[in-house]
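K.L.:
Before I ask anything, let me first share the structure, which is written out below as structure tokens.
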Amino acid sequence: MNGYPREQKERLQRIQLIGRVQLAYEQLKDTMQRYRDDSPRARAAIAAAKRRLALLNRALAIIALEAAQQPA
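Count along the sequence shown starting at 1, add 18, and that's the number in our numbering.
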């Protein structure tokens, strides 16, 4: 019973990370629609949004691998 709150907290954190990945994807999509020109500002905004999404995707992949390796 001691591990239950910890497991619940970890599950909540995983759900929050999934939400952050979805939000980052939507932000990238919106940024790409907003900046249709090829200005330096547009390239920088799109690159920043791509980096954020890539970072969150990597974090999600690491957590998925860790969860898959845990004994049932």
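The beta carbon of each residue, even a glycine, is placed where N, CA and C say it ideally should be. None of these values were measured; they are calculated from a predicted model.
Tell me the DSSP secondary structure of ARG54 in three-state form.
P.N.:
Correct three-state label for ARG54: coil.
K.L.:
Taking C-beta to C-beta, are LEU46 and ALA67 nearer than 8 Å?
P.N.:
In this structure, ALA67 lies closer than 8 Å to LEU46 by Cβ.
K.L.:
Could you check which residue in ARG54, GLN26, GLN51 and ARG32 has the C-alpha nearest to that of ARG76?
P.N.:
Of the listed residues, the one whose Cα sits closest to ARG76 is ARG32.
K.L.:
By a C-beta neighbour count over all protein chains shown, 10 Å radius and 16 as the cutoff for buried, is LEU177 buried or exposed?
P.N.:
This structure cannot speak to residue 177, because the chain is shown only from 19 to 90.
K.L.:
In angstroms with no decimal places, state the Cα-to-Cα distance between TYR22 and ARG59.
P.N.:
TYR22 and ARG59: Cα-Cα distance of roughly 47 Å.
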